[in-house]
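*Asks:*
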Amino acid sequence: MAAAQRRVVISGIGVLTSIGLDATSYWDSLMHGRSGIKPFQFFDVSTLPTRMAGQIPEFGAKNYVVKEQRKNLRVMARAIQLAVAAAQLALDDGNVDKARLDPTRFGVEFGAGLLPTELEEIGPASLASFHQDTGVVSERDWGEKGIEVIQPLWMLKYLPNMLACHVSILHNAQGPNNSITEGDVGGLLALGEAFRIIRRNQADFFLVGGADSKMNPLSQVRQALFGFQSRRNDAPEKACRPFDKQRDGLIIGEGASVLVVEELEHAIGRGAKIYAEVVGVGSAFGLKEKSATNLSGITRAARVAMQQGGIGVEDLDHVNAHGLGTQKGDALEARCLHELLGSARKAPPILALKGYIGNLGAGSGLTELAASVLALKHGQSPGTLNCEEPDVPSPLTVIQKPQPVTKPNVLKVGYNDLGQCAAVVVRKWQG
Amino acid sequence: MRRRVVITGMGAVTPLGLTVEELYRNQIAGKSGVGPITLFDASTFPTKFAAEVKNFDLGNYVPRPERWANSGANSSFALAAAHQAMNDAGVMDDIRIDRTRFGAYLGSGEGIQDFQHLVASVAHSYQPATDSVDTVRFTTVGLKAFNRDREYEQELHTTPGHLANLFDLEGPNYNCLTACAASSQALGEATELIRGGEADMMLSGGSHSMIHQFGVTGFNKLTALSTFNEAPQKASRPFDMKRDGFVLGEGSGMLILEELDHARKRGATIFAELTGYGSTADSFRITDSHPEGRGAIACIQGALDDAGLKAPNIGYINAHGTSTKVNDSVETLAIKKVFGDGAYKVPVSSSKSMLGHLIAAAGAVELITCVMAMRHGILPPTINYETPDPDCDLDYIPNKAREKRVDHILSNSFGFGGQNVSLIVSRFRD
């Protein structure tokens, strides 16, 4: 007889975004329709076509780390600091007594992205190597004079596996540990992997997170070159408009989310308050226009997740979409969602949250999922900020203003431009 | 009954050869792939040598190589190795295969930064008096200097995206970057996806090149690289008393993992079975392994438990064996803790002595080496082994390959920051 399937629940939420420094204030902002997209303030971006972002200028990593550990913050890029802070918030929210955890059964999974160097760190080395007269950078000068003026731990400050590493060190997590580097779907896939590891009985407790911060000059130049951003600089709070007819591009946001994800009996055993159960996670590839028999990755990933959860489209309260805010991206996603939901008797409505906080990259999936988990807890779903004229094929609808939650299941989907898709189904914990 | 996962195809692009056969033959011959760095002018860098891939031409593997002109070596090497693996498994054009059940899980590294333009842009805008950057200057110069596509190709999800697109892999798609453990972790988690029924086939492995200005700089600053510039081919000397750091390598290893019945039904050649996977974290320091190897011990044990094996079943260990002081002694300690006295009876060797350290791609290329060793009955040596270290007193197959038929091989990959992965690959038995 097969062993009963282990079940996976969410029992703590830590969120850091431009609209709140914890889950409570995040939720409050969502319910009050507050946008965190503001004119860019970290440094002068007047030369760039997009001069706004979802920023957290008041973020101070020191506040989240005990005194003895603060020196480690110096070797963490900002995204890593955000991840570490969100992990502490999650542990606090989850009322976790680490002394009672078995470290070998405590894992860490993070979605992470490319972390470019802060430019000052290579400032002196660059000056030492650049020849004004020829406009050429001399590798010989870099080797001779540049390398010695770079700090020893420079590389470690920017490695994408360091989000999961630092969190595991700070909290003595000796179990499975991974860093998923799949752009905007990294966080959701990290959750998927934690889900599978718990179910196959190789861990009982996880911190699952995702974080990103592109608030540095090199990232800002790159984003400008990629050309996907909105140019509505005169009205930042209205600039990111998922599924709206007047949308003109995405907005970048910084932030992090970490969830406490644990095996059900383990959670009950420590008296945890359980928000929701993770009932299914799917991953698939492909967003190309498909024929009727060849379904998109979003549909296939969603179906895997729903099948694992034993539910159908009609059982979903809403679909928490990726909703980038670009003309092409949203149109493509809407078509995929139509493929998934369109034939339902009453299709669940679509929710998209990037209007509030921007695209958090590897931090987006879990930050947006957290909103739906909080929605299940509070019995209310937020609205899709800035979606004033929904541009989705009938019979699909978009939740525009906060409304009651009427069903216990939510589907969260994400995708990235190359075609990687992820889907997670969570169910309200009924006790 | 747990679904079984077998290896039905392999491909490799490495410093010791552009095919799996070359990679293996050269290791058995004890050849070194190390030489002076040619990819950039490293003449004044603390470390001036590495194990570079030689004579690589992407055009030999894909129809329009110019399409990938802005991609880094991480993607080009991956495309070539994956192409080989797909052909090796006979699945490139097999229309019977359900592509929605065929995914990709890679441990692929980042692309290559534009050193010239980035350093020039910083030089134009850095103000030493205030240790700050004039961002107006930087952004103005940068917008003109950087190439949009080249910058985009540095994003970490591009390699698995390109492979899935090119080879029509519509199943689960993942990429991880746990440093030196990445491609081993990818292989382990890909195995679990098949075991769990989410896929029937997975393209898995890794690709990486950190042989560039920032990569060598970064590792040199950490004093992680050997600086034995006088004799580069002797620099990578795992377990030897005089070891002084690792040697950077580059390349890609790709494998086709497949559910057993699926492989049998289509008459696939089965090279080996992936039977064990263990994953732990040291949770100690970002710069050093745990001194007692607690993470490594747990991960090796985890792989054994997963495979349903005991230490005496292991006929050969392909070590992480980076040639750093710390890794090699800690890994030796961990092997002794798990194997007990048996540690002295199981041969251990490090492919890194010949290939250098392929970072994210290391695990996959080393696993391919293990499969070949098992199939051909000859274990690769640890070369450059001259002076024994009392802390490292196991049988490291010094300098000469050894004939030995083995049924189970353990492969270790211990990443920077303390992520540990062990894989066990076994002779396939019905």
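Heads up: the protein sequence lines correspond to chains X and Z, in order. For what it's worth, our numbering labels the leading residue of the first sequence as 667, then goes sequentially. For what it's worth, our numbering labels the leading residue of the second sequence as 1048, then goes sequentially. Where a beta carbon is used, it is the ideal one built from N, C-alpha and C, also for glycine.
1. Which two residues bound the contiguous beta strand (DSSP E) that contains Thr1055/Z?
2. Identify each residue in the region 1177 to 1188 of chain Z for which the Cβ-Cβ distance to at least one residue of chain A is less than 7 Å, and report them in chain order.
3. State the Cα-Cα distance for the pair Gln1160/Z and Gly686/X, rounded to the nearest angstrom.
4. Sort out for me which residues DSSP pairs Ala1098/Z with in a bridge.
5. So Ala1271/Z packs on Phe1293/Z, CB below 8 Å; how close in whole Å?
6. I'd like to know whether the C-beta of Lys1268/Z is nearer than 8 Å to at least one C-beta of chain X.
7. Between Ala1211/Z and Ala1151/Z, which are expected to be in contact by the criterion C-beta below 8 Å, what is the C-beta distance as a whole number of angstroms?
8. When the cut-off is 8 Å and only beta carbons count, does Asn1075/X lie next to chain Z?
9. So which residues of chain X does His1479/Z contact, with C-beta pairs closer than 8 Å?
10. Note down the Cα distance separating Gly1156/Z from Ser1251/Z, rounded to an integer number of angstroms.
11. Would you mind working out which of Leu1006/X, Gln747/X, Ala950/X sits nearest Gly858/X, comparing C-alpha positions?
12. Can you list, in chain order, the residues of its chain with a C-beta nearer than 7 Å to that of Pro1435/Z? Leave out the 5 residues immediately preceding and following it.
13. Thinking Ala1170/Z and Ser804/X are a contact (beta carbons under 8 Å), I'd like their distance in whole angstroms, please.
14. By the DSSP assignment, the beta strand (DSSP E) with Tyr1324/Z in it spans what residues?
15. Nearest by alpha-carbon distance to Asp1352/Z: which of Leu1457/Z, Val1109/Z, Leu1240/Z is it?
16. Any beta carbon from chain Z within less than 8 Å of Leu857/X's own beta carbon?
17. Below 8 Å CB to CB, which residues in the same chain sit around Gln895/X once its five sequence neighbours on both sides are set aside?
18. Cα separation between Gly1106/Z and Cys1087/X?
19. At a Cβ cut of 7 Å, what residues of the region 1074 to 1092 of chain Z count as close to chain X, listed as they run along the chain?
20. Return the bridge partner residues of Gln1086/X from the DSSP annotation.
21. In angstroms, rounded to a whole number, what distance separates the CA positions of Ala1111/Z and Asp1104/Z?
22. When the cut-off is 8 Å and only beta carbons count, does Gln747/X lie next to chain Z?
23. Of all the options Gly678/X, Gly841/X, Ala765/X, which has the alpha carbon lying nearest to the alpha carbon of Ser1330/Z?
24. Below 6 Å CB to CB, which residues in the same chain sit around Asp878/X once its five sequence neighbours on both sides are set aside?
25. Would you kindly check if the distance between the Cβ of Gly1300/Z and the Cβ of Ala1411/Z is under 8 Å?
26. At a Cβ threshold of 8 Å, is Ser1299/Z touching chain X?
27. For Glu1255/Z, which residues does DSSP report across the bridge?
28. Should Asn1220/Z be flagged as near chain X, meaning a C-beta pair shorter than 8 Å?
29. Determine the burial state of Met1431/Z: buried for a count of at least 16 other Cβ atoms within 10 Å of its Cβ, exposed for fewer.
30. Can you give the beta carbon distance from Ile1023/X to Gly726/X, rounded, assuming they're within the 8 Å contact cut?
31. Could you pull out every residue in the same chain whose Cβ sits closer than 8 Å to the Cβ of Arg766/X, ignoring the five residues on either side in sequence?
32. For Ser1473/Z, which option in Phe1463/Z, Arg1452/Z, Asn1267/Z, Arg1148/Z has the closest C-alpha, if you only look at C-alpha atoms?
33. Below 8 Å, how does it come out for the region 838 to 855 of chain X and the region 730 to 749 of chain X: are there three or more Cβ pairs, yes or no?
34. Quick check on Pro1093/Z: buried or exposed, where buried means 16 or more other Cβ atoms within 10 Å of its Cβ?
35. Quick check: the Cα distance between Cys1346/Z and His1423/Z, rounded to an integer number of angstroms?
36. At a Cβ cut of 8 Å, what residues of the region 1452 to 1476 of chain Z count as close to chain X, listed as they run along the chain?
*Replies:* Let me lay it out:
1. First-last of the beta strand (DSSP E) with Thr1055/Z: 1052 to 1060.
2. The displayed structure is made up of protein chains X and Z, and chain A is not among them.
3. Inter-residue distance for Gln1160/Z and Gly686/X is about 34 Å (C-alpha atoms, whole angstroms).
4. Ala1098/Z is bridged to Gly1296/Z.
5. Taking the Cβ atoms as the reference, Ala1271/Z lies roughly 6 Å from Phe1293/Z, within the contact range of under 8 Å.
6. For Lys1268/Z, the closest Cβ of chain X is nearer than 8 Å.
7. Sure, about 5 Å apart at Cβ, within 8 Å.
8. Chain Z contact via Cβ: absent.
9. Because chain Z spans 1048 through 1477 in this model, residue 1479/Z falls outside it and cannot be assessed.
10. The alpha-carbon atoms of Gly1156/Z and Ser1251/Z are separated by roughly 14 Å.
11. Closest by alpha carbon: Ala950/X.
12. Residues Met1288 of the same chain have their beta carbon placed closer than 7 Å to that of Pro1435/Z, with the five preceding and five following residues left out of the count.
13. Rounded to whole angstroms, the Cβ separation of Ala1170/Z and Ser804/X is 11 Å, and the two are not in contact under 8 Å.
14. 1319 to 1328 is the span of the beta strand (DSSP E), which, as asked, contains Tyr1324/Z.
15. In this structure, Leu1457/Z is the residue among Leu1457/Z, Val1109/Z, Leu1240/Z with its C-alpha nearest to the C-alpha of Asp1352/Z.
16. So no, Leu857/X is outside the interface.
17. Correct list, in chain order: Pro715, Thr716, Gln889, Gly915, Leu916, Ile917, Ile918.
18. Looking at the two C-alpha atoms, the distance is approximately 30 Å.
19. Listed by position, the residues of the region 1074 to 1092 of chain Z near chain X (Cβ gap below 7 Å) are Phe1087, Asp1088, Ala1089, Ser1090, Thr1091, Phe1092.
20. Answer is Phe951/X.
21. For clarity, residue 1111/Z is Arg in the given sequence; the question names Ala instead. Going from the Cα of Arg1111/Z to the Cα of Asp1104/Z covers about 12 Å.
22. No, Gln747/X lies away from the interface with chain Z (no Cβ there is under 8 Å from its Cβ).
23. A check of alpha carbon separations from Ser1330/Z across Gly678/X, Gly841/X, Ala765/X identifies Gly841/X as the nearest.
24. Here the set comprises Ala745, Gly779, Leu1026, Gly1027, Ala1028, Gly1029.
25. The answer is yes: Cβ separation under 8 Å.
26. With 8 Å as the cut-off, Ser1299/Z does not count as an interface residue toward chain X.
27. Residue 1255/Z is actually His in this sequence, not Glu. According to DSSP, which records beta bridges pairwise, His1255/Z is partnered with Gly1298/Z.
28. At least one CB atom of chain X sits nearer than 8 Å to the CB of Asn1220/Z.
29. Note on identity: in this sequence residue 1431/Z is Asn, with Met being the wrong assignment. The residue is buried, with at least 16 neighbouring Cβ atoms inside 10 Å.
30. About 19 Å; that fails the 8 Å criterion.
31. Cβ contact annotation for Arg766/X (same chain, cutoff 8 Å, sequence separation greater than five): Arg936, in chain order.
32. Residue Arg1452/Z is the option with its Cα nearest to Ser1473/Z.
33. Not touching, per the Cβ criterion.
34. That one is buried.
35. Rounded to whole angstroms, the gap between the alpha carbons of Cys1346/Z and His1423/Z is 27 Å.
36. Listed by position along the chain: Gly1462, Phe1463, Gly1464, Gly1465, Gln1466.
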